[in-house]
Each structure stands twice: as structure tokens, then as C-alpha cells.
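Below you'll find the structure, written out as C-alpha cells, and then a few comments.
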Amino acid sequence: MRIIIFITLLLLFLSTTVAQIYRYDDVVFYPNGSQHINLSKLYVANLTEILKGEVLEAYIIYKNQRFFIIYFNRSIAFDLPPEPINLSVKISASKVDWDTWKVTYTLINNYDREVPVNISFPPGYNLKNFSTSLPRHSHTSITLYRKSSSNILHFEDSYISYRLPSKVEIVYTPSIPFSIEKSNKVVNNTILWIGNYSIYNIIDVPLKANIYLWVEIGNRSINLGNISNITLPPNSTYSVVRSIYSEEVPVFYLDMYVWNRTEGEMLILPVLRVNDTYKIGVARVKGEVFHYTPPILIEGGRKRPKEEEKPQEDRRKPEEEKEEKPPEKTKEEREESKEEKPREKPT
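Mapping to the numbering used here: the sequence shown position 337 is 415, numbers consecutive.
Right under this line is the structure:
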């Protein structure tokens, strides 16, 4: 159902932009801002509305590469080297309540131009779709909520659509008529042959032309000059005259290369592979599994405090106790002590 919604949005996008040339990218976005491009194609639709007149040759110039168009009234696709998309997605999630998850979905635009974007979120959240137009070098964040008491959130794949207008150069060679009129006259008893070359731009776009002029007389070929980068306005005629003296009848020749260089509108769109087919305008954004670790609680709902560190034991050996000597007696105290001693009785 979500893919059908995207296809409808894509048709709305295409209705506002005229393009016959597309670049399709099979790209997968990841929630950490990275991406992977499986393939990239340059798709050229029917160019008959762009190419004027009967076309002899045409090619497209894109990223300094030439892609030659073999059939002008049929579609054709070319392989392109993968090129990063300057859009990225970042997804984060956290729990804001015991039964509520909050998901932050961020889109980042690194292009130098505004980019319209539409997102289809997985089911179970407060938003199903989100559309915005991201200004150049900007980002926007969308907040999603989901009711769940689980500590694990499986955020499933989401889908994103965008369109990036771009330009390519188209160079083609239309078939236009030309004429060579030959005349002569006698000048100083010698025949002067005159070739009058005319190129007719019969289409309503300007053309450029390179021409090479020569004449053949008998077995000889004589160069009459090259003219480069001739401008042919719409519905105009370019003429040039060359002459040569010859007693033989010359044959005048013209070789020309005519081209028109114009810009063509191109749209860069994502594609999503579903089995063996591709859905145009949709890219997958891979999901992610988020985990929430609740804090450890003790009785009373408080966090467990850190265990107090016990003071380190003082393992040093105690100093040996020293005997304290009594203070020395004064002279008077010594005399008194002598007097106090009992005298010996005579025998």
C-alpha cells in the first residue's frame, strides 16, 4: 500500500516537470547516514519531440561521457557508474517513559538546490507519511512516538521518494539540403569556373556547421578551403563562392558537418527492486533495532549507591617503645635523700 502511494506521488511529480531523460538509482539508505547504490541507469525515452528535423546522428553528454542514440523513436538505457546521492537519513531512538519510545528521524540535504521529499513510516507510530521540501544544504527532523513497554524497539524499513531536476547536453545532426551551382566565363583567354555553394537551414532552431570544399579536375583533387563554426540561424541560407581556372571541366564537391547543441531536462529518481521488477520513485531506508537499558534500582526506588571504600590499614611496624629516664635530682634533693637513709648501728 505504501509503495502505491509513492507511485501516485511520483506521477504528480512528473506532471510538473517535462523530461524525456531520467537517471534511475537503485539506492538503499541506512539509519547511520550511509547508503549503497546497487545500480545506476541513464534512461532515454522517445526524443522525437526534442530533436528537430530528420536526424542523422545524436548523442547525449552526461558527466563528461557520450552516449550515442541509435534509435530516436524508441527508449534506450545505458549503464552509469554509481554516484553518491547527496541525501542521507539518520535515525535514533530513546525511551521517554516506561511505555513510550521516541524516534528521531532526520533527513539531510547536501545538494545546492531544494529537494522535495516524501517519507512513508512503518506502522505503529503517530505519523504515517511526511512531505517536505528541503532547502539547499539543510536538514529536518521528524519526531515519532510509539507506545511499548518493551526495552527493545524494532524500527522497521521506511520508504523515501524524491526527485532531483538536472540537465544533460544533447547534440544531434539534422539532415538539411545544400546545392552547388557551377558556371564559367572566359577571362584573359582562360576559362574561369565558378562554384556557388549554398546550405539551407530549413528547421526552426539555430545550427552550427563545418564545411570542407574541394574540386576534382581529371585525376587531381584541389582543396578550396575549410570553414569552421558557421552559424546558421533558423530558416536561413549560407552561401560561399569558390573559383578555379581550368581548361578541363571541374567537379565541385562539398563535405559538411551540421549540428545543434541543446540542453535537455533530466530527472534523477530512485527505484526499488521488488522481486524481478522495479518500482520507480521509491527508495528503501533500512530499519534498526534499538535497545534500552534501565537503571539498576534498590528498595525504595533509589539508585544503588557506590560502596564506601574502606580505609587502608596501616601496615607499618610500630616504633619500639623507649623507657623514659627519670629527671636528674638537684643537689638539695640529693642531700635530703642522704639524710633520710638510716645510719648503721655500731657494733
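Yeah, the Cβ is synthetic: ideal placement off N, Cα and C, and Gly gets one too. These numbers come from a predicted model, not from an experiment.
Please look up how many angstroms separate the CB atoms of residue i and residue j, rounded, as I've assumed it's under 8 angstroms.
i    : j    : result
P284 : P312 : 6 angstroms
A361 : F107 : 6 angstroms
I139 : V249 : 7 angstroms
G131 : I281 : 4 angstroms
In chain order, what residues of the same chain lie with their CB nearer than 8 angstroms to the CB of residue i, ignoring the 5 residues before and after it?
i    : result
Q98  : V122, A123, N124, L125, E127, I128, G342 and E343
T221 : K180, V181, T182 and Y183
T218 : T184, L185, T210 and L212
S261 : W271, I272 and N274
N55  : Residue 55 is absent from the model: the chain starts at 79 and stops at 425.
G296 : E326
Among the options, whose alpha-carbon lies nearest the alpha-carbon of residue i?
i    : options                   : result
V363 : K173, P372, L332 and R351 : R351
G365 : N151, E135, R152 and A171 : A171
K168 : I238, N288, Y250 and R214 : I238
R298 : E247, S253, S219 and Y331 : Y331
T178 : D190, N229 and I305       : N229
Y102 : I374, D354 and L345       : L345
I186 : S211, L205 and K173       : S211
S244 : K263, L120, D104 and H114 : L120
R241 : P160, V193 and Y149       : V193
T340 : P159, E247 and E259       : E247
H114 : S166, F199 and S216       : S166
S198 : G359, I148 and Y370       : G359
Y278 : S253, K263 and G296       : S253
Y189 : I305, I163 and E135       : I163
L117 : E161, F150, Y149 and S257 : E161
F256 : N307, P159, T315 and W176 : T315
S317 : T371, E259 and D157       : E259
V105 : G202, I148 and P159       : P159
Output needed for residue i: all residues of its chain with C-beta closer than 7 angstroms, excluding positions within five of it in sequence on either side, in chain order.
i    : result
K329 : The sequence shown places Val at residue 329, not Lys. So the qualifying residues of the chain are V293 and E294.
V174 : K180
F150 : L125, T126, L129, V133 and A136
Y100 : Y121, M344, L345 and L347
E234 : P200 and G365
H369 : N229 and I230
S306 : N288
K263 : L270
So, at 6 angstroms on beta carbons, what are the nonlocal neighbours of residue i in its own chain, with the 5 sequence-adjacent residues on each side left out?
i    : result
N301 : W292
H232 : V367
Y335 : N288
G303 : L291
Buried or exposed for residue i, please, with buried defined as at least 16 other CB atoms from any protein chain shown within 10 angstroms of its CB.
i    : result
N207 : exposed
P373 : exposed
T355 : exposed
A155 : exposed
Q143 : exposed
P109 : buried
V327 : exposed
R152 : exposed
R214 : exposed
S227 : exposed
R191 : exposed
S236 : buried
N338 : buried
N353 : exposed
N428 : Because the chain spans 79 through 425 in this model, residue 428 falls outside it and cannot be assessed.
T251 : buried
* Asked: Quick one: any contact between the region 265-272 and the region 319-332, if contact means 3 or more CB pairs under 8 angstroms?
  -> yes
* To do: Decide if the region 301-316 is in contact with the region 223-241; the criterion is three or more beta carbon pairs, one per stretch, under 8 angstroms apart.
  => no
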